[in-house]
Amino acid sequence: MDITWIHPFWALLLPVALAIPLGRFMASVLDPPPERAGHGFDRLTHWALHALGRSKPQAMDWKAYGRAFLIFNLTLFVLSFLALEMQTWLPLNPDGKGSLAAHGWKDASGTMHENADTAVIFNTVCSFVTNTNLQHYSGEQHLSYFSQIGVVMWLQFVTPACGLAVMLAVIRGLRGDRNLGDFWHDLVRSLLFVFLPLALVVAILLAASGVPMTFSGAADATSLEGVHAPIARGPVASFVAIKQLGTNGGGFFGPNSTHPFENPTPFSNLVEIVSIILVPMATIFMFGRMIRDAKHARVLFLVMLGMLLLGMFVAIGAELGHGPAVKGVAQGPLLEGKEVRFGPIASATWAAITTATSNGSVYAMLDSFQPYGGLVPMSLMMLNVDYSGVGSGFLNMLMFVIATVFIAGLMVGRTPEYLGRKIEAREVKLAMASLLVHPLLIVTGTALFAATELGSKSVANPGPHGFSEILYEFTSASANNGSGFEGLADNTPAWNIGTGIVLLLGRFPSMILPLAIAGFLAEKKYTPPSLGTLPTDGVTFGATLAGVVLLVGALSFMPAVVMGPVADGLSRQAAPESPIPAQTAEPGSVQSQSKDAH
Amino acid sequence: MKRDVITSLSACLGTLVLCSVVYPFVVWAVAQIAFPWQAQGSLIVRDDGTIVGSSLIAQSFKGPGYFHPRPSAVDYKADASGGSNLAPTNPQLTELMSTQAAAEGATQSLHLPVDLATRSGSGLDPHLSVEAAKFQVERIATARGIDALALAQWIDRRADHSWWFLGAPPRVNVLELNLALDGKTTSRE
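In the order they appear, the protein sequences are chains A and B. To convert, note that position 27 of the first sequence is 27 in my numbering; the numbers rise steadily by one, no gaps. Plus 1000 on top of the position in the second sequence (first one is 1) and you've got my numbering.
Structure follows, in structure tokens:
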């Protein structure tokens, strides 16, 4: 058997093995009982909060917690906007990068616009504040080291910490605490005890495998054949570590973790793939520990794992399929957009894991994936519950849990209950609202851009694949993922503003609505489980939950998916004589008959 | 409300110092002390002090006496990396692969390995599969007047099998092979 098959096993078993103890650790340090708070290691939190003038934790209800969260995010937005706008005046710019807004953009007719386009800054800030990291710029070309470290990397730390904080508050509400905790304490603890120590370890492992960590500008190299070529580098190791750990995914370099400086060896690759999924997995175990119902958390974990496994093996199967038959080229898995040191199996594994979690870093170009290989990342983002973002993924899954409990309650004719508290009309309405935002954003955005020149003129590949590019971009923005079918020419004011709005609407309602639900549930009386209660820790519940998730996903997205990747896949299987319907979108791209042998 | 805004601003300042000053500084210090060569970008330096390139970054080789790297969608620009993003269903991809096969001298009996026919995601993939390196043996042996069989065996000896137990495919580093072919002495900066 081919040895490269080992990779997916490492990529799944190692994070699961590490996530169990990490989840336990997170529950104990992030949610310390009152008598332990501020003692031992937690004294660090105390000192840090003393500096903020908040050393005594405040009892917050859902409104106060939500307000603190929103105010902090608003401050992040304003400050990072200013810092990016002022890039040229700020220090740490050895290669003299110009303003991020000033590199111009191409409009629908292909004309270059040299004038400043502030929309790209708006998009970038929305993207990083929402923990998405959709990038319409290219890191090594457009950002100074100050912007990389002081804006992008800073947001890569604090935004997953915000997600984790809101998750902690929601769990406290679910277990019946009227006091949901203090946002600032949760934020500081998440950073001090989870993200900073983990990032330090990962960054040093990456530096050891060859990821650069320098403040010198590009290296001036002269190749063996005498070509003069600068090699961009920078403080990459510290950046990539938190990029992966915080479900961020925004690369230091344009092509993300395909770049040998972001991911030089198969070892660095394993470190990164584990880092992507470790914290999202651990949060589920943390949840089980905090509500003292490990069995229920295990059911959620296994439902997520099941969907991930399915996605992974479909993607691997598709990527092992042959590329187009070309005279003189050996038949084998297509390596367009893939690196030799990883190969097709590891590339497909990563694609599934990076989109199941809302990470979105890539190490193979998804646009060049086989049609059904590209369908997997798209579907996992459409479901948006498969571990997903730190904190936010759990919150999305929670909305589906409430929907499931409600549907199951209707079937047996009893008032639905979750964790001993009654789910009533108000909670169900809020959960439905939260669930509907995601498909609404994707479908509306895609329809608007695909039907007009806003989108149809920016696609890079002909036919259904071009539609897939538009669909993928909106899915990725709404799921706060950040990966892309990168052929899409998305640095235009329309794309920047359109996806910027989708990014914000994809993040904040799905954080605040669950917080409100948790606040309402905490007010309710606890009723111990009786014979008529639907148990939430068994196979029946797990299967129903998976069914609801898949059904809602299929009903919302099937038509769009059929028009994109499925049509693409079917056109690929067409007979050799039959041409691909080539309605080429980009002027100048070659039109010819398909030489496909399948 | 006002108190929240003040806390928020000071939290921004505090987290900024922690995450963007203290943390990168610690990583930088450890990397520069423990892995100075890697930290600077794994640069390969000639005896006269000029930088040949990075052992991790592909560079263009066109001459018949050198191993050619995989084609690059960005013409090996190491400060503007990227892939082609061509879909497998895009006829343009088929055409590019076919042109590449002709350029590398593929024949009816000797097929070009897929990695040498396709562009990597970064455009800077420093590696080739062992088959893709061996595909070029005839041309290099003729250009340099050396024995083809010995060259093929030499490639086998230099193949990188590290991390095979993590599922890594065997591969060769193009720049390192070419440096060894030239027999140039270089050092790690």
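Note that CB positions come from ideal geometry on N, CA and C, so glycine has one too. All values derive from a computational prediction rather than experimental measurement.
Inset, instruction - Using 10 angstroms around the beta-carbon of A:Ala356, count the other beta-carbons present and answer buried if the total reaches 16, otherwise exposed. - result: To locate residue 356 of chain A, count along the first sequence from 1; it is residue 356. The residue is buried, with at least 16 neighbouring Cβ atoms inside 10 Å.
Inset, instruction - Tell me A:Pro605's beta-bridge partners as DSSP assigns them. - result: It is not possible to answer for residue 605 of chain A, since the shown part of chain A is limited to 1 through 598.
Legend entry - Nearest neighbour of A:Gly210, chosen from B:Gly1121, B:Pro1036, B:Phe1061 and B:Phe1067 [CA to CA]: As a position in the first sequence, residue 210 of chain A is number 210, starting the count at 1. Among B:Gly1121, B:Pro1036, B:Phe1061 and B:Phe1067, the Cα nearest to that of A:Gly210 is on B:Pro1036.
Legend entry - A:Asn248 to A:Pro160 span [Cα, whole Å]: Working through the first sequence from its first residue, we reach residue 248 of chain A at position 248. Working through the first sequence from its first residue, we reach residue 160 of chain A at position 160. When rounded, the distance between both Cα atoms is 8 Å.
Legend entry - Close beta carbons around B:Leu1056, own chain, < 7 Å, minus the five adjacent residues each side: One-based indexing of the second sequence puts residue 1056 of chain B at position 56. Exclusion of the five residues before and after B:Leu1056 leaves Ser1042 and Pro1126 as the residues of its chain whose Cβ lies within less than 7 Å of its Cβ.
Legend entry - Neighbour flag for A:Glu417 against chain B, beta carbons, 8 Å: For the purposes of this step, residue 417 of chain A is taken as residue 417 along the first sequence, with counting starting at 1. No, A:Glu417 lies away from the interface with chain B (no Cβ there is under 8 Å from its Cβ).
Legend entry - Residues near A:Phe449 in its chain [Cβ-Cβ closer than 6 Å; skip 5 each side]: One-based indexing of the first sequence puts residue 449 of chain A at position 449. So the qualifying residues of the chain are Gly455 and Ile470.
Inset, instruction - Return the CA-CA distance between A:Ile20 and A:Trp89, expressed in angstroms with no decimal places. - result: For the purposes of this step, residue 20 of chain A is identified with residue 20 of the first sequence, where counting begins at 1. For the purposes of this step, residue 89 of chain A is identified with residue 89 of the first sequence, where counting begins at 1. Their backbone Cα atoms lie some 46 Å apart in a straight line.
Inset, instruction - Decide if the segment 364 to 374 of chain A is in contact with the segment 1083 to 1095 of chain B; the criterion is three or more beta carbon pairs, one per stretch, under 8 Å apart. - result: yes
Inset, instruction - Give a yes or no on whether the minimum CB-CB distance between A:Gly332 and chain B is below 8 Å. - result: For the purposes of this step, residue 332 of chain A is taken as residue 332 along the first sequence, with counting starting at 1. For A:Gly332, the answer is yes, since a Cβ of chain B falls inside 8 Å of its Cβ.
Inset, instruction - Identify the continuous alpha helix (DSSP H) that holds B:Arg1046 and give its terminal residues. - result: Walking along the second sequence from the start, residue 1046 of chain B turns up at place 46. Premise fails: B:Arg1046 lies in the beta strand (DSSP E), Leu1043 to Arg1046, not in any alpha helix (DSSP H).
Legend entry - Counted within 10 angstroms of its Cβ, other Cβ atoms place B:Pro1064 as buried (16 or more) or exposed: By one-based count along the second sequence, residue 1064 of chain B stands at place 64. Answer is exposed; the Cβ neighbour count stays below 16.
Legend entry - Test item: CB-CB of A:Leu383 and A:Gly553 under 8 Å: Along the first sequence, one-based indexing puts residue 383 of chain A at 383. Along the first sequence, one-based indexing puts residue 553 of chain A at 553. Contact flag set, yes.
Legend entry - 8 Å Cβ cutoff, B:Gly1183 in contact with chain A: Position 183 of the second sequence, counted from the start, is the residue given in the question as residue 1183 of chain B. With 8 Å as the cut-off, B:Gly1183 does not count as an interface residue toward chain A.
Legend entry - Cα-Cα separation between A:Leu174 and A:Pro280, rounded to whole angstroms: Reading the first sequence from its first residue, position 174 is the one you call residue 174 of chain A. Reading the first sequence from its first residue, position 280 is the one you call residue 280 of chain A. When rounded, the distance between both Cα atoms is 19 Å.
Inset, instruction - Kindly list, in the order they appear in chain A, the residues whose Cβ is closer than 9 Å to that of B:Ala1011. - result: For the purposes of this step, residue 1011 of chain B is taken as residue 11 along the second sequence, with counting starting at 1. Chain order gives the chain A residues near B:Ala1011 as Leu52, Arg54, Phe72, Thr75, Val158, Trp184, Leu187 and Val188, where near means a beta carbon separation below 9 Å.
Inset, instruction - Compute the Euclidean distance between the alpha carbons of A:Leu419 and A:Ser458, then round it to the nearest angstrom. - result: Residue numbering aside, residue 419 of chain A sits at position 419 when the first sequence is read from its first letter. Residue numbering aside, residue 458 of chain A sits at position 458 when the first sequence is read from its first letter. Their backbone Cα atoms lie some 48 Å apart in a straight line.
Inset, instruction - Tell whether a beta-carbon distance below 8 Å holds between A:Ile517 and A:Ala460. - result: If you number the first sequence from 1, residue 517 of chain A lands on position 517. If you number the first sequence from 1, residue 460 of chain A lands on position 460. In this structure, A:Ala460 does not lie closer than 8 Å to A:Ile517 by Cβ.
Legend entry - B:His1068: contacting residues in chain A (beta-carbon distance under 7 Å): Within the second sequence, the letter at position 68 stands for residue 1068 of chain B. Within chain A, no residue comes near B:His1068; the closest Cβ sits about 11 Å away, beyond 7 Å.
Inset, instruction - Under 8 Å Cβ to Cβ from A:Asn480, same chain only, skipping five residues before and after it: list those, please. - result: Locating residue 480 of chain A in the first sequence gives position 480, counting from the first residue. Correct list, in chain order: Thr130, Asn131, Thr132, Ser358, Gly389, Ser392, Leu503, Gly506 and Arg507.
Inset, instruction - Assign A:Tyr145 to one of two classes, buried (16 or more other C-beta atoms within 10 Å of its C-beta) or exposed (fewer than that). - result: Residue numbering aside, residue 145 of chain A sits at position 145 when the first sequence is read from its first letter. Buried, because 16 or more other Cβ atoms sit within 10 Å of the Cβ of A:Tyr145.
Inset, instruction - Please state if the CB of A:Leu513 and the CB of A:Ser571 are separated by a distance shorter than 8 Å. - result: Taking the first residue of the first sequence as 1, we reach residue 571 of chain A at position 571. Taking the first residue of the first sequence as 1, we reach residue 513 of chain A at position 513. No.
Inset, instruction - Please classify A:Glu417: does DSSP put it in a helix, a strand, or coil? - result: Here residue 417 of chain A refers to the residue found at position 417 of the first sequence. It is a strand residue.
Inset, instruction - Use the C-beta contact count for A:Phe485: other C-beta atoms within 10 angstroms, 16 or more gives buried, fewer gives exposed. - result: If you number the first sequence from 1, residue 485 of chain A lands on position 485. Burial call: buried.
Inset, instruction - Return the first residue and the last residue of the beta strand (DSSP E) that B:Gly1053 is part of. - result: On the second sequence, residue 1053 of chain B is found 53 positions in, with the first residue counted as 1. Note, B:Gly1053: beta strand (DSSP E), Ile1051 to Ser1054.
Legend entry - Whole-number beta carbon distance between A:Asn123 and A:Thr602, since they are thought to touch under 8 Å: The displayed coordinates of chain A run from 1 to 598. Any statement about residue 602 of chain A would go beyond what the structure contains.
Inset, instruction - Mind checking which residues open and close the alpha helix (DSSP H) that includes A:Tyr372? - result: Sequence index remark: in the first sequence, residue 372 of chain A carries index 372 (1-based). Note, A:Tyr372: alpha helix (DSSP H), Pro371 to Leu383.
Legend entry - Selection of the segment 457 to 474 of chain A by Cβ proximity to chain B, strictly under 7 Å: Among the residues of the segment 457 to 474 of chain A, those with a Cβ less than 7 Å away from any Cβ of chain B are Ala460, Asn461, Pro462, Gly463 and His465, in the order of the chain.
Legend entry - Rounded straight-line distance, which links the Cα of B:Gln1040 to that of A:Leu440: Your numbering for residue 440 of chain A matches position 440 in the first sequence. Your numbering for residue 1040 of chain B matches position 40 in the second sequence. The alpha-carbon separation between A:Leu440 and B:Gln1040 amounts to approximately 47 Å.
Inset, instruction - Using a cut-off of 8 Å between C-beta atoms, extract the partners of B:Ile1057 located in chain A. - result: Start at 1 with the first residue of the second sequence, and residue 1057 of chain B comes out as number 57. Residues of chain A whose Cβ lies closer than 8 Å to the Cβ of B:Ile1057 are, in chain order, Ile231, Pro260 and Phe261.
Inset, instruction - List the endpoints of the continuous alpha helix (DSSP H) containing A:Glu473. - result: Sequence index remark: in the first sequence, residue 473 of chain A carries index 473 (1-based). It spans Pro464 to Ser478 - the alpha helix (DSSP H) in which A:Glu473 sits, taken as one unbroken run.
Legend entry - When B:Ala1103, B:Leu1177 and B:Ala1058 are compared against B:Ser1122, the one with the closest alpha-carbon: Working through the second sequence from its first residue, we reach residue 1122 of chain B at position 122. If we check each option's Cα against that of B:Ser1122, B:Ala1058 comes out closest.
Inset, instruction - Measure the CB-CB distance between A:Asp537 and A:Lys295 and report whether it falls below 8 Å. - result: Residue 537 of chain A sits at position 537 when you count from the first residue of the first sequence. Residue 295 of chain A sits at position 295 when you count from the first residue of the first sequence. Yes, the pair counts as a contact, with Cβ atoms nearer than the cut-off.
Inset, instruction - With 8 Å as the limit, tell me which residues of the segment 1015 to 1044 of chain B have their beta carbon closer than that to any beta carbon of chain A; keep them in chain order. - result: Thr1015, Leu1016, Leu1018, Cys1019, Ser1020, Tyr1023, Pro1024, Val1026, Val1027, Trp1028, Val1030, Ala1031, Gln1032, Ala1034, Phe1035, Gln1038, Ala1039, Gln1040, Gly1041, Ser1042 and Leu1043
Inset, instruction - Check the Cβ-Cβ distances between B:Val1114 and every residue of chain A, and say whether any is below 8 Å. - result: As a first step, residue 1114 of chain B must be located in the second sequence, where it is residue number 114. True, the Cβ-Cβ gap to chain A drops below 8 Å.
Inset, instruction - Measure from the C-beta of B:Asp1156 to each C-beta in chain A and report whether the shortest distance is under 8 Å. - result: Within the second sequence, residue 1156 of chain B is the residue found at index 156, counting from 1. No, its Cβ sits nowhere closer than 8 Å to a Cβ of chain A.
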